[in-house]
Every structure is written in structure tokens, then in C-alpha cells.
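Novice: I have a structure I would like to understand better, so I am pasting it below and will then ask my questions one at a time.
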């Protein structure tokens, strides 16, 4: 299995023989990509293909992207780019994109102890200062439960690697050669995994391209998302299988692709989505046939009709606008009826009409293929708007050692006026050892005692006036003892730190092959870097705002300086 890391990380796979674009393949698909997805854990990889047009046996021709379901949606960003900066150590890796956003790839030492920026030994072609990747960005479908703090990475409709689970029938010979139908969405007819049609290929301008065969497949991570203690959403690939022609396997090739309200998160993973009274949700849906838009020049929801199973809970307009009315469950259905269907508008619940029995006892038996399709969205409507109550004050990241305890007053924590009947509850999540900390709420105060080394979050939820809000306290428990910092220097050499205050990086002038340690104001070491020389930026973006001390050890003397993190 190969893990592709954060957004843009990729793998290129070649084959002994080209993969043919064969219309006799089941459902028209040409190959299947296998990952390790399961219900609630999908990490979508975008797939590109290349034909060896110059016949030199190298992947140096043109890449064509295969349009998955969300390529049709407005939330998808084309011509996206991220630049990663090497922090030169075992730290979070900072990134900035071409839309003026920035973030980090969190250093997950609990799972991977190596530096997270690609090393020169393993990736000699990657610049060791910064690295830029280009491609398409999908809107992630990751949500964290406000009940148990657990993350769910919901699957996409179709057309992405590591998106659907594998149906491992290894006891059956060549089980992996019978693909799923990507257009039935939640049904798995064959081997599972994610089936792809070369027919989906587009060029850099979004124009469809007809390829008769391909020699290379490239998969890259399509989302830029961290999922708490799980780390980044990272596409994982276990194999790719060619699909063999078999014109006896047939199935629908139309489907409705759509955005949808978020999943509430948490396990076990249910199929229900969640939305709230006080906020409308606009569905954006399209009919596709064999991966291409049925009506390419028409707006969203064209030729789609909408139904609500319970208008006392939520209504749905003709153009797909969901309006919640009251708390409860509702099924929203999108329907497309093929105008060329010979049934002339008759809506059937099943595809095959088996038989009809006449009055005289004679049976009239026939089969009729109905080309209309529908799609259902099961939605739980809750009271209150999204983030109806937001944290009024935030509690900074707590850092301590086993045995430390902390107490915080909950009064005024949320934006709503203080309500004497407000209910506060808490939950601890993250880490492998759930005894990292104990907590309790007494008389409007939360107290927690640190038990063992690890990183956790403590969720505090407030319920008042029929609404709910939450905030999270990040907690890091370390076994480093507070260190007494002493300046012992006979040197007059100065080491100016700039910029100071700093946001993401600092530099230290006049430093040459020195060892550096960073401490918070309590004397706990929060970072170190060996053999530092001026000109190499030191990443501090992962630190919380505040005052920090930095020791510079040249081998002959030690100096301690102070800087402020914005």
C-alpha cells in the first residue's frame, strides 16, 4: 500500500500492456483502482491518464484528468496549487496556496516518526526549500461529531480512488476483474474499489478528449484536509486492475451527481445527513450519462424534479432549495425522467415489470427497461442554525506534564447571554490512550488532570434556549520537565531575531552551525533544531501566540533570547 500524503501527493503506475478504451467492457469502464476505503473513511484521489504518444516508454506526454462526480460541481477548484515549505526538522509542514490560504500538514509523530517534508535521499528531484504541486482541489467531506468527537470522511459519488471499499472475494479466481458499476453509487455489483472510464478524460481546458488506450495512470490526493488526531486525509493505493471485455454484463449508465448537506460525523456511520432550522441549503445536481453531462449547456437542477417526504419538517423548491421547518427526519428525492422514455411519464419504483395477470387468468409477461432515475437524501433536521452558538472566548492550547491540573471558568464562554438553565457537557477525544486526562464540571468550572503523555482535545458543549454550541481545548501532555534556562556566555556576539513578533518563520542573524532550543514561558521545551545557520528559516507557525525563549548554543557559549509569536 502506498500513502500519498497531503493534497497533490501522487503516484504514477505503468503497465506491461496498454489499457484499452473498450465499449464492450462492463458499464464502459476500463480499469479499477483499489485503496483501503471503508464506510466513513474515504480519502479521494484524482486520477489522470496518459497515452505513450511518442512511444519512448516514458510518462513524458500529456496527462488527461478523468472527471469524477464532483468535477461537475461549483465547489471544485480547478488550476489549484499548493507550495510546501521545508521546516527542516520534525515539525508541522507549512503550506500556502494560490488563493492566499495557508495551513499546515501536522507532524504526526504518533504514527510516523520521520520528517514529513520529502527527504532528499528518497526524493532527490524535490527542492529541499519548497515544493509546489498543481491540480484540482475537491471540497472535502470530512466532519467531526459534536457527540463523540470522531471524524467521518464521507465517500464521493464516483470517479475517485480510495473512495469505495473493496469486496474481497479472493476465493474466486480473478475476482478483481469484475468491476462495480460507478453509476449505481451505493451499490457494489463486483469487486468494489473504484472503476474508471477513459471516456471521462478532459484536457487542461476542460474539453473532452477521446483516447483509444492509455499506458500510464497517475493518482494524486484531491483534498487538503486535516482530520484531527487522524492526521491529513491521505489517498492510499493498493493496486490497479485492467477490466476485461464482457458484453453480457450490462447496467444503467445515467445517474444524478449532487452536493449534499454534511454528515453529522461519529460512529457507527449512519446514512443520514444533517441540517438545521434557520438556514436553507441549495442542492446543485446534474444528470450525467457515462460520466458526461446529459445537458452540458444547462444550469444545475435542469430537468430534475424534487420531492419532500414531509413538508412539516422541510420543503424543497423546484430549483432544489431546501428550507427546514421543524426538527425531524425528512427524505428529499431528486427525480429525472428521460423525455425519450416510451413509458410517457409513467413513474415506476422498479426497473423491471415482471408480469401482469389478466381477468381471464391469462398472464401477459414482458420486460420494460425504465430509463428514469431518482436519488434520495435522508436528512435529519435539528433546531438552530449552523454554529448557532459560537465560543465567545477561546482557551489557548494547554501544555503540561502528567500530574498537572487546570481549572477554567465556563461563564461567558459562549456568545449567548448567560442562561441559568444552560447545560454544559464535555468529552475527551483523540490519542490511543483515553486516560491521558480526566475531567469534571462542577459549579460552572471545568477541571482536568493530566494523566499520561499524549495529545487530546476536550470538547465543551453548551445547550441553551434550544440551541447548541461547542469549543475545543487542545491539550498536549509531555514528559519534559520544566527546564531552568541560564545564559552562560562570555561572547559579545549578537544574534538578532527577525521578524519579531513573528507569524510563521523566524531567522537568526550571525548564527553559524548552532544548536537551538525553543521553550515556552513555563520553561517547557517545545522545539529544537541542530546545525542551524543564518539564512535557514525556522518554522514557528505551529506555536500558540505568546512569549517564547530561544537558546542558541554555539558549542563555546549559550545565549538566551526572547521572541513573540503573534
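Numbering (UniProt numbering), first residue to last: 1 to 566.
Glycine is no exception: its CB is placed at the ideal position from the N, C-alpha and C atoms.
Every value quoted in this text rests on a predicted model; they were computed, and no experiment measured them.
(1) Restricting to Cα atoms, I'd like to know which of 438, 44, 127, 459 is closest to residue 144.
(2) Can you check the stretch 20 to 57 for any alpha helix (DSSP H) of at least 4 residues that lies completely inside it and give the ranges in chain order?
(3) Straight-line CA distance for residue 514 to residue 566?
(4) Excluding the 5 residues flanking residue 4 on each side, which residues of the same chain have their C-beta closer than 8 Å to its C-beta?
(5) What would DSSP say about residue 336, mapped onto helix, strand or coil?
(6) Apart from the five residues just before and just after residue 74, which ones in its own chain have a Cβ nearer than 7 Å to its Cβ?
(7) For the beta strand (DSSP E) containing residue 553, name the first residue and the last one.
(8) Kindly indicate the opening and closing residues of the beta strand (DSSP E) around residue 542.
(9) Spell out the partners DSSP gives residue 529 in its beta bridges.
(10) Short of 6 Å in beta carbon distance, which residues of its chain neighbour residue 301, apart from the five on each side in sequence? Order them along the chain.
(11) Per the DSSP calculation, residue 162 is bridged to which residue(s)?
(12) According to the Cβ coordinates, are residue 94 and residue 104 closer than 9 Å?
(13) In the structure shown, what three-state DSSP assignment does residue 374 receive?
(14) Provide the residue span of the beta strand (DSSP E) that contains residue 144, from first to last.
(15) Considering just the uninterrupted stretch of the beta strand (DSSP E) at residue 409, what are its terminal residues?
(16) Please state whether the Cβ-Cβ distance between residue 217 and residue 29 is less than 9 Å.
(17) Could you give the uninterrupted runs of the beta strand (DSSP E) lying entirely in the stretch 75 to 102, keeping only those of 3 residues or more?
(18) Flag this pair as yes or no: are the beta carbons of residue 154 and residue 42 separated by less than 9 Å?
(19) Once you ignore the five residues that flank residue 192 on each side, which residues in its own chain have a CB closer than 7 Å to its CB?
(20) In the DSSP assignment, find the unbroken beta strand (DSSP E) run with residue 242 in it and report its ends.
(21) Counting pairs of Cβ atoms below 8 Å between the stretch 288 to 302 and the stretch 399 to 413, do you hit three or more?
(22) Which value, in whole angstroms, describes the spacing of the CA atoms of residue 269 and residue 336?
(23) May I have the straight-line CA-CA distance separating residue 439 from residue 60, to the nearest angstrom?
(24) Beta-carbon separation of residue 533 and residue 505 under 9 Å?
(25) Residues in its own chain within less than 7 Å of residue 554 by CB, not counting five upstream and five downstream?
(26) Just to check my reading of the structure: residue 402 and residue 461 have Cβ atoms closer than 8 Å, yes? What is that Cβ distance to the nearest angstrom?
(27) With a threshold of 16 other CB atoms inside 10 Å of the CB of residue 109, please say whether the residue is buried or exposed.
(28) Quick check on residue 305: does DSSP put it in helix, strand or coil?
(29) Are there 16 or more other CB atoms within 10 angstroms of the CB of residue 567, so buried, or fewer, so exposed?
(30) Pick out whichever of 133, 102, 372 has its Cα sitting closest to the Cα of residue 78.
(31) Got a sec, what are the start and stop residues for the beta strand (DSSP E) residue 444 sits in?
(32) Which residues in the same chain have their Cβ closer than 6 Å to the Cβ of residue 316, if we skip the five residues on either side of it in sequence?
(33) In whole angstroms, give me the CA-to-CA distance for residue 352 and residue 184.
(34) So if DSSP puts residue 17 in a beta bridge, which residue, or which two residues, is it bridged to?
Specialist: Judging by the given coordinates:
(1) If you compare the alpha carbons of 438, 44, 127, 459 with that of residue 144, the shortest gap goes to 459.
(2) Entirely contained in the stretch 20 to 57, not one alpha helix (DSSP H) run reaches 4 residues.
(3) A straight-line Cα-Cα distance of about 25 Å links residue 514 and residue 566.
(4) If you ignore the 5 residues before and after residue 4, its C-beta comes within less than 8 Å of the C-beta of 10, 11, 45, 219, 220, 221, 234, 235, 236, 237, all in its own chain and listed in chain order.
(5) Residue 336 sits in a strand when the DSSP states are folded into three classes.
(6) For residue 74, where only same-chain residues beyond five positions count, the Cβ hits under 7 Å are 284.
(7) First-last of the beta strand (DSSP E) with residue 553: 546 to 553.
(8) That residue, residue 542, is in no beta strand (DSSP E); it is neither H nor E in DSSP.
(9) Answer by DSSP bridge pairing, in chain order: 516.
(10) Cβ neighbours of residue 301 beyond the five flanking positions: 285, 319, 320.
(11) According to DSSP, residue 162 bridges with nothing at all.
(12) Yes.
(13) Note: residue 374 maps to strand in three-state DSSP.
(14) Per DSSP, residue 144 belongs to the beta strand (DSSP E) from 142 to 144.
(15) Going by DSSP, residue 409 is part of the beta strand (DSSP E) stretching over 405 to 409.
(16) No, these two residues do not count as a Cβ contact at 9 Å.
(17) As far as the stretch 75 to 102 is concerned, its whole beta strand (DSSP E) runs of at least 3 residues are 77 to 85, 93 to 97.
(18) At the C-beta level, residue 154 and residue 42 come within 9 Å of one another.
(19) If we look at residue 192 and ignore the five residues flanking it on each side, its Cβ neighbours are 164, 165, 166, 167, 180.
(20) From DSSP, the beta strand (DSSP E) with residue 242 extends over 239 to 242.
(21) The stretch 288 to 302, when compared against the stretch 399 to 413, does not touch it at the 8 Å Cβ threshold.
(22) In a straight line, the C-alpha of residue 269 is about 28 Å away from that of residue 336.
(23) Spanning the alpha carbons of residue 439 and residue 60 requires a straight line of approximately 57 Å.
(24) No, the Cβ-Cβ distance between residue 533 and residue 505 is not below 9 Å.
(25) The residues are 514.
(26) Your pair residue 402 and residue 461 does not check out as a contact, with CB atoms roughly 27 Å apart and the cut at 8 Å.
(27) Residue 109 should be labelled exposed.
(28) Residue 305: strand per DSSP, three-state reduction.
(29) This structure cannot settle anything about residue 567, because the visible part of the chain is limited to 1 through 566.
(30) Check the Cα spacing between residue 78 and each of 133, 102, 372: the tightest is with 133.
(31) For residue 444, there is no enclosing beta strand (DSSP E), since its DSSP letter is neither H nor E.
(32) Setting aside the 5 residues that flank it on each side, residue 316 is surrounded in the same chain by 306, 308, 322, 332, each with a C-beta closer than 6 Å to its C-beta; the list follows chain order.
(33) Low per-residue confidence applies at residue 352: pLDDT is 36, beneath 50, and the placement is therefore not dependable enough to give any value.
(34) In DSSP, residue 17 forms no bridge with anything.
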